[in-house]
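Notes for the one structure printed next.
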Amino acid sequence: MGSTRIGPKMAVVMLLLVPLVLIFPRGSMAMSLCNMDEKGLMACKPSVTPPPPDPVDPSSECCDALKEADLKCLCSYRNSFMLPSIGIDPDLALALPPKCNLVLPPDC
C-alpha cells in the first residue's frame, strides 16, 4: 500500500479551498459568512468596500443583518486574506458594528 501523505503543494491548495467551502456552504450560488446570508452581505458591501474618499454609512438592512451575525466569527477574519479577496476591507468591516450600535467582542 502506498503512502497517503499530502505534498506541500496540495496542503497549500487545501488551505486556500477550505475557507471557500466555509463561505459557500450551500453551493456556488449561495453565500454565507458568520451567520450573515447573501442578502445581508450585499446590504453591507457598500460600507465595507474601499470607496473614495470616505466609507458609506451602513444601511438599516445592513445593520439588521449584523444584529444576527456572529461578531466573534467576523473578528476572526481581521487578518485573513479572504475578505480582501472578495473586495471587502477588513478594517471597514470591523468598523460596521459600532456604527449599528453593536458592541464588538472584547477580544476582537
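In mature numbering (1 follows the signal peptide of the UniProt record, and there is no 0), the protein residues as written are -30 to -1, 1 to 78. Quick reminder that beta carbons are idealized off the backbone N, C-alpha and C, glycines included.
Asked: On a CA-only basis, which of P20, C32, K42, S30 is nearest D77? Give me that one, please.; Found: K42
Asked: Taking its Cβ as the centre, do 16 or more other Cβ atoms sit within 10 Å of S17, making it buried, or is it exposed?; Found: buried
Asked: Starting from V18, trace the alpha helix (DSSP H) both ways and give me its first and last residue.; Found: 8 to 18
Asked: Counting only the same chain and skipping the five closest in sequence on each side, list residues whose C-beta sits under 8 Å from that of L74.; Found: L41, C45, L64, P67, P68
Asked: State the CB to CB distance for the pair L62 and P25, rounded to an integer number of angstroms; the pair is presumed to be in contact (CB under 8 Å).; Found: 5 Å
Asked: For I58, collect the residues of the same chain with a Cβ closer than 8 Å to its Cβ; drop the 5 residues on either side in sequence, then sort them by chain order.; Found: K15, V18, T19
Asked: By DSSP's criteria, Y3 is part of a beta bridge. Which residues make up the other side?; Found: Correcting the residue identity first, residue 3 is Leu in this sequence and not Tyr. Bridge partners of L3: M6.
Asked: Does the beta-carbon distance from Y47 to P60 come in below 8 Å?; Found: yes
Asked: Please report how far the alpha carbon of F51 lies from the alpha carbon of L36, in whole angstroms.; Found: 21 Å
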